[in-house]
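Q: Line order of the protein sequences matches chains A and B. Heads up: the first sequence is residues 3 to 386, going by my numbering. Heads up: the second sequence is residues 3 to 380, going by my numbering. C-beta: ideal position from N, C-alpha, C; glycine also. Pasting a structure here, questions to come.
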Amino acid sequence: MIDACVHHHWAQQSELMDYMSRGWQEYLRQPESLPGDLDPIAILPWFPYSRPDGDKLPDSVSDGRPAGSSYELVQQQLLDRGVEAAVLNYDEGMRTPATPNTHLARELARASNDWTVDRWLSRDERLHGLVLVPNQVTQDAVGEITRIGDHPQMVGILMSANGLGKPFGHPAYHPIYAAAAERGLPVVIHAGGDAILETLTHPTAGGLPTSYAEYYVFNSMPLVTHFLSLVAQGVFEKFPDLKVLFSGGGVTWLTAILWRFDAEYMPYRRETPWVKKTPSEYVRDNIRLCTYPLVGAAAPERLVRLLRAFPGIEDVLVYGSGYPNWDTDFPHDVAAQLPAEWADRVFSENARGFFRWGGALSPAVAGPSAAVGEMDEIELASAE
Amino acid sequence: MYDGPIIDVDVHHRWHSEDDLISYLEPEWRDVVERPRSAVALEAPVALFHHTTGSNKRPDTFPDTGGPPGSSYEQMRDQYLNAFPVERVVLSFDIGTSGGVANPYLASALCRAANDWCLDRWIDQHKDPRLYTGLLVPTQLPEDGAREIRRLGDHPRIVEALVVSNALGRPFGHPVYHPIYEAANEFELPIAVHGGGDQWSTNTHFTAGGMPNSRFEFHTSSPMSAMLHIASFITHGVFEKFPKLKLVMIEIGTTWIPWLLWNLDKSVDLLRRESPWVKRLPSEYFFDHIRLSSQPLELSPDKRQLVELLESAGPVDEVIVFASDYPHWDTDDPSYVARRLPESWQRKVLYENCLHTLRWPSDALRLDELSPAAASVT
């Protein structure tokens with residue numbers, strides 16, 4: 003069994019800061035780096051919504067350490083229950099690309115990736131990482147992928163916070179996808195990154211929610227925008243081998259928008275002539291959906307009925323637990339909601355085919371099939 | 003095939019030229035917009051993304067007599083009302099409807115003028131018994147919205163309070179908008195929210211996660227903000243405050259219903275902590291109070307897939323009300339919608355659900371009471 007979505011975190015900020023340069027340690031007032039006893043500067047941007055009853059599984063917090071910060075606890079509560087491979091997605095660290103100081107963001111991403119390798123990946127070969135990229139400066143993101151993307155336990159890159167405040171198909175982000183595709187690394191887009199105050203994006207369309215419940219109900223909404231954007235802006239024509247996993251938003255949003263998207267493809271193809279297939283076809287070829295959080299109806303058969311409306315959905319779903327969030331889906335929770343004949347694919351095969359396992363490889367990268375951004379000339383019917 | 007009566011909840015009518023609208027403005031405002039004429043915009047621009055054919059209207063709906071689509075009653079009558087067994091249509095103005103105009107007092111005045119223009123130039127002038135209308139509600143100053151409802155809310159041909167522009171950039175359940183709902187409730191008028199009102203200079207983000215880069219993306223994502231508005235009506239307890247109030251959501255499609263309802267129901271415990279006035283399952287409020295227009299009916303590869311998906315959410319055949327969206331480019335004609343739906347849904351969707359939702363006058367004519375020449379009354 004492969005778990006595509008586990009959130010790991012540092013016990014305290016200083017644990018991460020140990021991996022930063024001396025200069026940044028002083029800037030952030032790492033204890034003992036400066037005379038006096040000023041408190042360290044908080045490194046991460048503010049996330050405005052929190053759940054009244056706590057955001058984490060109660061038993062994932064021990065000895066006052068934050069959830070997801072203890073390898074032993076992750077091992078005991080998750081890995082040793084039959085997990086063959088787990089992909090670490092960061093927790094609050096996902097906010098890094100929203101850090102307003104772009105130079106600090108670059109240093110934080112570098113330190114976070116080194117901390118992940120040193121404190122987690124080196125301890126257990128079942129653990130795998132995603133390269134956290136500071137996506138607000140594209141060349142910094144590319145630099146980080148180049149620096150650490152070949153590590154044998156790095157299996158993808160993580161687009162979490164929305165550093166430029168643009169949908170993720172925007173051409174400004176394309177060099178990041180080029181660097182990932184070159185190494186065979188897939189992209190994980192995790193929900194939540196558009197709610198951070200510093201990103202200048204909104205987590206919902208139509209105004210800001212006023213309660214955590216409204217935020218939570220719609221935390222998949224930005225994934226819709228990113229999905230539409232990746233397809234319409236030709237990312238999968240430019241990088242035909244690139245694969246994207248949408249994580250943290252569940253599974254019910256895709257069919258909510260897909261047929262409308264397919265139907266709009268023909269009327270609007272003059273505007274984006276580089277889009278060569280219907281969006282449904284790109285879903286089959288390039289896109290995967292993480293099951294977490296698997297929000298279905300009270301009766302599981304209704305969820306399956308919805309999912310079957312997209313034939314072949316069992317090849318698109320990838321299991322993720324979301325551990326240690328409060329709505330963690332353990333394997334038995336997910337298995338109980340899906341048909342037994344889907345289990346091999348959802349719990350293992352789809353993830354096996356999606357991530358880049360085993361370190362650097364030189365895949366035969368297919369060249370672009372469309373000149374994305376260029377407007378084709380159209381042949382006008384001659385007026386005879 | 004369904005050949006019963008049809009009620010259409012969304013037909014767009016429009017003034018022939020802005021001068022028509024200006025002639026209904028109160029004199030002091032007429033003064034402002036006329037001197038000099040070009041200095042004051044009456045509608046916020048809608049062409050944020052260009053339509054690839056140059057217009058968002060069906061090419062065949064441009065009137066032979068000139069003017070924009072929807073501005074000619076005769077064209078609408080010949081092309082649509084007489085072409086199908088239409089019993090009632092609800093006129094819903096054209097897009098852009100004035101709430102986003104920067105001057106909030108002018109925005110309110112424009113809505114008042116639009117309502118007077120509609121009653122005078124469409125309802126009274128043509129006396130077509132099939133024509134009903136929404137009351138365009140100014141939203142930027144909600145007290146003005148309430149006043150407008152109290153000014154005209156008794157009119158027998160007004161069947162809903164039409165809320166379009168999200169002029170305050172808050173989800174429509176937000177308490178700031180409640181004076182509008184209070185007034186509509188007094189007159190037993192349902193609220194109709196027409197999609198698209200989060201654009202048009204309101205400074206509301208109409209997508210989550212950033213501004214899209216093409217009309218292809220923008221037009222596909224238009225249900226998103228409407229979903230938040232529905233959730234907001236529920237979480238802010240609008241239906242507890244006004245237990246008889248109904249809400250019709252227009253031009254946003256339907257396939258997102260399971261996504262919305264399951265997520266809301268899962269969060270019911272949270273809602274009870276943060277919004278203790280929410281007393282019931284969100285999906286119960288939805289099925290009791292909310293109706294959705296069919297257009298644009300999502301085009302699944304096989305028509306059974308659409309029904310399968312919708313049925314997974316519950317009794318949605320009670321929820322969907324037919325809309326053509328005439329004369330927009332993606333108009334759904336009634337026979338097409340009927341063909342896509344199971345036979346047992348057709349009468350409900352094309353007729354009954356809307357019949358039981360809007361505030362129809364007691365002397366509304368039924369299809370068999372309409373004279374065949376109803377159309378040529380003028």
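Kindly indicate which residue of A:84, A:95, A:185, A:64 has the alpha-carbon position closest to the one of residue 44 of chain A.
A: Looking at the Cα atoms, A:95 is the closest of the given residues.
Q: Counting only Cβ-Cβ distances shorter than 8 Å, please list the residues of the stretch 189 to 220 of chain B near chain A, keeping chain order.
A: Listed in sequence order: 200, 206, 207, 208, 209, 210, 211, 212, 213, 214, 215, 216, 217, 218, 219.
Q: Do residue 208 of chain B and residue 234 of chain B come within 9 Å of each other at the CB atom, strictly closer than that value?
A: No, Cβ-Cβ distance for residue 234 of chain B and residue 208 of chain B is not below 9 Å.
Q: With burial defined as no fewer than 16 other Cβ atoms inside 10 Å of the residue's Cβ, what is the status of residue 173 of chain B: buried or exposed?
A: Burial call: buried.
Q: Is residue 352 of chain B a contact residue of the ligand ZN, with contact defined as CB to any heavy atom under 8 Å?
A: The ligand content of the structure shown is nil, which means the ligand ZN is not present either.
Q: Any beta carbon from chain A within less than 9 Å of residue 268 of chain B's own beta carbon?
A: By this cut-off, residue 268 of chain B is an interface position.
Q: Say whether the stretch 211 to 230 of chain B touches the stretch 272 to 282 of chain B, bearing in mind that this needs 3 or more beta-carbon pairs closer than 8 Å, one atom from each stretch.
A: Segments in contact, no.
Q: Answer with yes or no whether the minimum CB distance from residue 225 of chain B to chain A is below 9 Å.
A: It does; some Cβ of chain A falls within 9 Å.
Q: On the criterion of 16 or more Cβ atoms from any shown chain inside 10 Å, does residue 27 of chain A qualify as buried, or is it exposed?
A: Residue 27 of chain A comes out buried.
Q: Extract the residue ranges of the alpha helix (DSSP H) inside the stretch 267 to 346 of chain B, only unbroken runs of 4 or more that lie entirely within it.
A: Here the runs fully enclosed are 270 to 276, 284 to 291, 305 to 313, 336 to 342.
Q: Please name the residue, chosen from A:296, A:145, A:247, that lies closest to residue 225 of chain A on a Cα-to-Cα basis.
A: For the residues A:296, A:145, A:247, the minimum Cα distance to residue 225 of chain A belongs to A:247.
Q: Would residue 347 of chain B count as contacting chain A if we go by Cβ distances under 9 Å?
A: Not an interface residue.
Q: From residue 212 of chain B to residue 38 of chain A, what distance separates their C-alpha atoms?
A: If you take the alpha carbons of residue 212 of chain B and residue 38 of chain A, they lie about 43 Å apart.
Q: May I ask you to report which of helix, strand or coil DSSP gives residue 380 of chain B?
A: Its pLDDT being 39, under 50, residue 380 of chain B is placed unreliably in this model, and the value from its coordinates should be taken loosely. Of the three classes helix, strand and coil, the one that applies to residue 380 of chain B here is coil, per DSSP.
Q: Quick one: what's got a C-beta closer than 8 Å to residue 44 of chain B's C-beta in the same chain, skipping five residues either side?
A: Cβ within range, chain order: 20, 23, 24, 35, 100, 103, 112.
Q: Does the beta-carbon distance from residue 267 of chain A to residue 70 of chain A come in below 9 Å?
A: Their beta carbons are not under 9 Å apart, which means residue 267 of chain A does not touch residue 70 of chain A by this criterion.
Q: Drop a sphere of 10 angstroms on the beta-carbon of residue 9 of chain A, count the other beta-carbons inside from all chains shown, and report buried for 16 or more, exposed for fewer.
A: That one is buried.
Q: Is there contact here, the stretch 124 to 135 of chain B with the stretch 84 to 94 of chain B, by at least three beta-carbon pairs under 8 Å?
A: In short, these stretches touch, since the Cβ pair count reaches three.
Q: Report the rounded CA-to-CA distance for residue 369 of chain B versus residue 7 of chain B, giving the unit in angstroms.
A: Cα to Cα, the separation comes out at about 6 Å.
Q: Residue 257 of chain A: buried (16+ other C-beta within 10 angstroms of its C-beta) or exposed?
A: With 16 or more Cβ atoms within 10 Å of its Cβ, residue 257 of chain A is classed as buried.
Q: Output the distance between the C-alpha atoms of residue 364 of chain B and residue 138 of chain B, rounded to the nearest integer angstrom.
A: Distance between the alpha carbons of residue 364 of chain B and residue 138 of chain B is about 22 Å.
Q: Between residue 8 of chain A and chain B, is there a C-beta pair that is closer than 9 Å?
A: Closer than 9 Å: no.
Q: Looking at the unbroken alpha helix (DSSP H) that takes in residue 145 of chain A, where does it start and where does it end?
A: Run containing residue 145 of chain A: 140 to 150, per the alpha helix (DSSP H) assignment.
Q: Assign residue 195 of chain B to one of three DSSP states: helix, strand, or coil.
A: Strand.
Q: Could you tell me which chain A residues have their CB closer than 8 Å to the CB of residue 251 of chain B, listed as they occur along the chain?
A: Per Cβ cutoff of 8 Å: no residues; residue 251 of chain B is ~12 Å from chain A at best.
Q: Does residue 158 of chain A come out as helix, strand or coil in the three-state DSSP assignment?
A: Residue 158 of chain A falls in the strand class under three-state DSSP.
Q: So, are the CB atoms of residue 80 of chain A and residue 5 of chain A less than 9 Å apart?
A: Yes.
Q: Near residue 32 of chain B, which residues of its chain fall below 7 Å by C-beta distance, leaving aside the five closest residues on each side in sequence?
A: Closer than 7 Å at the Cβ level, and outside the excluded window around residue 32 of chain B, lie 24.
Q: Quick check on residue 83 of chain B: does DSSP put it in helix, strand or coil?
A: Of the three classes helix, strand and coil, the one that applies to residue 83 of chain B here is helix, per DSSP.
Q: Any beta-carbon of chain B closer than 9 Å to the one on residue 267 of chain A?
A: Yes - at least one Cβ of chain B is within 9 Å of the one on residue 267 of chain A.
Q: Once DSSP output is grouped into helix, strand and coil, what is the label at residue 172 of chain B?
A: In the structure shown, residue 172 of chain B sits in coil (DSSP, three-state: anything other than H, G, I, E or B).
Q: Ordered along the chain, which non-local residues of its own chain (more than five positions away) have a Cβ less than 7 Å from that of residue 171 of chain B?
A: Around residue 171 of chain B: 204, 205, 206.
Q: Taking the Cβ atom as the reference point for each residue, do residue 140 of chain A and residue 178 of chain A lie within a distance shorter than 9 Å?
A: In this structure, residue 178 of chain A lies closer than 9 Å to residue 140 of chain A by Cβ.
Q: Could you pull the DSSP bridge partners for residue 134 of chain B from this structure?
A: For residue 134 of chain B, which the question treats as bridged, DSSP gives the partners B:92.
Q: Three or more beta-carbon pairs under 8 Å between the stretch 199 to 218 of chain A and the stretch 149 to 167 of chain A, yes or no?
A: At 8 Å Cβ cutoff, the stretches touch.
Q: According to the neighbour-count rule (16 or more other Cβ atoms, all chains shown, within 10 Å of its Cβ), is residue 369 of chain A buried or exposed?
A: Burial call: exposed.
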